[in-house]
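Please read the structure below before turning to the comments.
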Amino acid sequence: MKKNNISENFDSNDYHFNLDSKLGIYLIHGFSSSTYEVKKLALHLSEKGYQVRADNLPGHGTTVEDCNSTKYQEWLNSVEKGIAEMYSKCDKVIVIGVSMGGVLSLHLGSLFPLDGIISASALFKFKNEFNVRFINRIFNKIKKTVPKKSTFNPDLVKAQNIQFYGYNHYPLCALNEMRKMIDKVKLTLKKISSPLLLIHSTIDQTAPFENLEIIKQELTISNLETLVVNETGHNIYDTDKNDKKVIFDKIDQFIERIFN
18 MKKNNISENF
28 DSNDYHFNLD
38 SKLGIYLIHG
48 FSSSTYEVKK
58 LALHLSEKGY
68 QVRADNLPGH
78 GTTVEDCNST
88 KYQEWLNSVE
98 KGIAEMYSKC
108 DKVIVIGVSM
118 GGVLSLHLGS
128 LFPLDGIISA
138 SALFKFKNEF
148 NVRFINRIFN
158 KIKKTVPKKS
168 TFNPDLVKAQ
178 NIQFYGYNHY
188 PLCALNEMRK
198 MIDKVKLTLK
208 KISSPLLLIH
218 STIDQTAPFE
228 NLEIIKQELT
238 ISNLETLVVN
248 ETGHNIYDTD
258 KNDKKVIFDK
268 IDQFIERIFN
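Take 18 as the starting number for the sequence shown in our numbering and just add one per residue.
Spelled out as structure tokens, the structure:
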């Protein structure tokens, strides 16, 4: 494993807690990240006695080269298998995702009548939309990675203390795969029928805040809740900001209503 491509916020471990519980939580991390991104929430929910599962997606928790060799269908297949395994052991399951994991949670909701979905910082429009949608289609064939830090304003990184998770470089071939995947998933959002909680930050520098409205416009459900936060950035579940309690309390309340 090439340490120079790994950030401080990295975890190669999968987490499975309370395997005898019949109430399940399936956690999905984001693009080029790892289970580190959802570990705080996983531990919090495990303390409530729920069966909690958080796995590294294909190409994640290993090397940036692995990520670049992964196709988006592998991510879809991985979470579809994961949720099937959860339902084989649990009476009720709620899927919780962040960033690309938020997109994958919505994908699962479009396929299955889940008991509930919590999707945070879901990404359908990029902060560098033109670069990702057009330039990177060619650029990823020439250059395979770029430092994550280089894609952000240095003053903003310092002012907001922006943290980078998983790999410290963006895998550009994998980024092109994610672009394909989110376009596919967006077309299916109207099929979601499960209770849904959307969480987004007004200062998200990776998935601009307008993504919240983009998702809502595609939905046809009435059992939709939203939570908007103003201090935590993109990594909603791994925060030490003042709105951490608001986020975790809202998640707890949503889960308790469904499981009770």
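Note that CB positions come from ideal geometry on N, CA and C, so glycine has one too.
- Proximity to F151 across E194, K207, N94 and L44 peaks at E194, based on C-alpha coordinates.
- Collapsing the DSSP output to three states places A224 in coil.
- The beta-carbon distance between P164 and N185, rounded to whole angstroms, is 6 Å. This is short enough to meet the 8 Å contact definition.
- In its chain, beyond the 5 residues on either side, K144, F169, L173, Q177, I179, G250 and H251 have a beta carbon closer than 8 Å to the beta carbon of Q222.
- In the assembly as shown, E91 is an exposed residue. Its beta-carbon has fewer than 16 other beta-carbons within 10 Å.
- Taken through DSSP and simplified to helix, strand or coil, H77 comes out as coil.
- Going by C-alpha positions, K65 is about 21 Å away from G99.
- The stretch 55-63 and the stretch 26-41 touch, with no fewer than 3 CB-CB distances between them shorter than 8 Å.
- Remark: C-beta atoms of Y53 and N85 do not approach each other more closely than 7 Å.
- Within its own chain, the residues whose Cβ lies closer than 6 Å to the Cβ of V69, once the five positions on either side in sequence are excluded, are F34, I42, A59, L62 and S63, listed in chain order.
- For Y89, the closest of R274, K201, I209 and D257 by C-alpha to C-alpha distance is K201.
- Residues T80, V81, Y184, N185 and H186 of the same chain have their beta carbon placed closer than 7 Å to that of N22, with the five preceding and five following residues left out of the count.
- Nearest in C-alpha terms to G47, of all of G114, S127, P188 and F276, is G114.
- In the structure shown, the three-state DSSP call for A71 is strand.
- In the three-state reduction of the DSSP assignment, G114 falls in the strand class, which pools E and B.
- By the Cβ test, the stretch 206-219 is in contact with the stretch 132-143, since at least three Cβ pairs between them sit closer than 8 Å.
- Secondary structure note for H217: its beta strand (DSSP E) is the uninterrupted segment L213 to S218.
- M103 and E227 have their C-alpha atoms roughly 32 Å apart.
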